[in-house]
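Residue numbers (the working numbering): 9 to 135.
Shown next, in the form of structure tokens:
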């Protein structure tokens, strides 16, 4: 019997990118557990939906960055986070993500195979 598809929560403040990423995630066989476009909504939404994976834009509107939201989420829920950013070559950002543990950095826009590898990679860590 096949396992049900993993639930992925998407945090992206650009509505067009959020829709495209949601469609891409579903096309890869995962379920979108919810979406948010601010750090505040991300924390509330992830804690309520309890997904297996979070894909989060690093630069968000509101009270903080994706990293701030991720830290708040991780205080209550151990969930892998894939930071989705246009700033993937930023060494300081790479260092901060590496220090989080079970987090990855994915360059926007991601090819389907790259996104699939990132999601399946963090899901393997959870098992």
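Ideal Cβ positions, reconstructed from N, Cα and C, are used throughout, including at glycine.
From the DSSP output, read off the bridge partner residues of residue i.
i          : result
residue 74 : Answer is none; residue 74 lacks a bridge partner.
Using three-state DSSP, classify residue i as helix, strand or coil.
i           : result
residue 39  : strand
residue 94  : coil
residue 114 : strand
residue 49  : helix
residue 87  : coil
In chain order, what residues of the same chain lie with their CB nearer than 6 Å to the CB of residue i, ignoring the 5 residues before and after it?
i          : result
residue 42 : 17, 53, 57
Do residue j and residue i have their beta-carbon atoms positioned less than 8 Å apart in this structure?
i           : j          : result
residue 90  : residue 78 : no
residue 123 : residue 32 : yes
residue 131 : residue 14 : yes
residue 65  : residue 20 : yes
Can you give the Cα-Cα distance for residue i and residue j, rounded to whole angstroms?
i          : j           : result
residue 30 : residue 128 : 16 Å
residue 82 : residue 104 : 14 Å
residue 73 : residue 118 : 20 Å
residue 47 : residue 70  : 6 Å
Within the present structure, is the beta-carbon of residue i separated from the nearest heavy atom of the ligand FMN by less than 7 Å?
i           : result
residue 130 : Ligands are entirely absent from the displayed structure, and the ligand FMN is therefore not among its contents.
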